[in-house]
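Residue numbers (my numbering): 50 to 144.
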């Protein structure tokens with residue numbers, strides 16, 4: 050009985066290694082077919098550079114702030130009106 054458990058466990062471990070090894074080898078084969086030129090590598094590095102992306106967003110935010118400040122130089126015009134109509138007679142009555 051004990052021998053059977055040991056054989057079963059060793060078979061299970063071997064099968065696990067085969068499955069893991071096969072999936073890893075398959076993944077490596079797919080990635081090894083892609084070749085990039087030096088220029089493509091540079092472009093990918095620039096696109097994925099976090100500091101560069103942050104700097105671009107800061108420039109965009111500064112442009113929006115400048116546009117908002119420029120709107121303060123424009124004149125502002127506002128108007129308001131009120132109208133009141135009443136049929137009541139105004140005045141005091143003295144008795």
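Where a beta carbon is used, it is the ideal one built from N, C-alpha and C, also for glycine. These numbers were taken from a predicted model, which means no experiment stands behind them.
Your pair residue 95 and residue 101 checks out as a contact, with CB atoms roughly 6 angstroms apart and the cut at 8 angstroms. Annotation: the continuous alpha helix (DSSP H) that includes residue 111 extends over 99-119. Separation of residue 123 and residue 113 (C-alpha to C-alpha, rounded to the nearest whole angstrom) is 16 angstroms.
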